[in-house]
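Just below is one structure, and these are the notes that go with it.
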Amino acid sequence: MKVDRHDQAKILSPLELSQLFTIGLKLPRDRALFGVCLYTGTRIAEACSLHTKDVYAIDGSIRPRVTIRKGTTKGKIETRSVPVNQQLRVLLEEYSSAKVYLFPGRHGLGHIHPDSADKILRAAFIDLGIEGASTHSFRRTCLTQMHRSGVPLKVIQKISGHKTLSALQKYLEVLDEDLESAISTLNF
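Plus 4 on top of the position in the sequence shown (first one is 1) and you've got the numbering used here.
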């Protein structure tokens, strides 16, 4: 858990996520921005720099997949495409942008800066009393939840854009109950 912005970002619980998306994040834009991070596993910089056409078709409908361009990814390795699930679809239906960037910056110029998104989120965390979390919590929560649900690591790697499985594994949280569950399978 992060302490004074050091160490790994906290994995958010279902209750914390519910509070955040119903009470903490006031604007549809903010819910859509952090929803993209949570439901696609993108980094905050990737989500902030999405173009509107990466998410919405020309007719305004939501595309079946979000396109994360390689120029905006951490390693600039490759463009990836992540399916839009129903929860994210709802958040995107409540928000729209007529600008080039899905999440425009101040005065409509460029895109919202990741530091600005961080300030918005930190204020919501403070209001809700959530400690140890950051913008990166959404990515860690997404990837850990998929792992706990039995999604193969290679699939998670493809979604997250990690170059190696060892890089991906640093994101995944292992709880004591995960260890107990693993050991309980040994009933020869």
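Where a beta carbon is used, it is the ideal one built from N, C-alpha and C, also for glycine.
Since we're looking at a predicted model, the values are computed, not measured.
Hey, residue i and residue j are a contact pair by Cβ (cut 8 Å); roughly how many whole angstroms apart?
i, j, result
"I134", "M150", "The pair is not a contact, with the Cβ atoms about 22 Å apart (cut-off 8 Å)."
"R69", "S53", "Contact doesn't hold; Cβ gap of about 17 Å is too wide."
"L92", "G39", "5 Å"
"S141", "L16", "5 Å"
"E181", "T148", "Rounded, the Cβ-Cβ distance is 13 Å, inconsistent with contact."
"L24", "L132", "7 Å"
Taking buried to mean at least 16 other C-beta atoms within 10 Å of its own C-beta, is residue i buried or exposed?
i, result
"S65", "exposed"
"L179", "exposed"
"A186", "exposed"
"R110", "exposed"
"I124", "buried"
For residue i, tell me which candidate among the options has the shortest Cα-Cα distance.
i, options, result
"L95", "A36, S22, G114, G136", "A36"
"V88", "H117, C41, A49, H115", "C41"
"L29", "V70, E184, T56, D122", "D122"
"S120", "A51, D180, L21, S22", "A51"
"E183", "R152, K167, T168", "Inspection of the sequence shows that residue 183 is occupied by Leu rather than by Glu. If we check each option's Cα against that of L183, R152 comes out closest."
"D34", "L157, L113, Q12, A127", "A127"
"T56", "T83, Y43, E82, A102", "A102"
"I163", "F192, I62, G45", "G45"
"H117", "I48, I27, S138, I62", "I48"
"C146", "Y43, Q12, P18", "Y43"
Report the rounded CA-to-CA distance for residue i versus residue j, giving the unit in angstroms.
i, j, result
"M5", "K14", "Note that M5 scores a pLDDT of 47, beneath 50, so its modelled location is shaky and nothing firm can be said."
"L115", "L106", "The question names Leu, but residue 115 in the sequence shown is His. The alpha-carbon atoms of H115 and L106 are separated by roughly 8 Å."
"I72", "L169", "20 Å"
"Y60", "S100", "9 Å"
"K74", "E82", "5 Å"
"L21", "R144", "13 Å"
"Q173", "I130", "29 Å"
"K158", "S138", "26 Å"
"F192", "E97", "51 Å"
"I62", "T26", "29 Å"
"P18", "G136", "16 Å"
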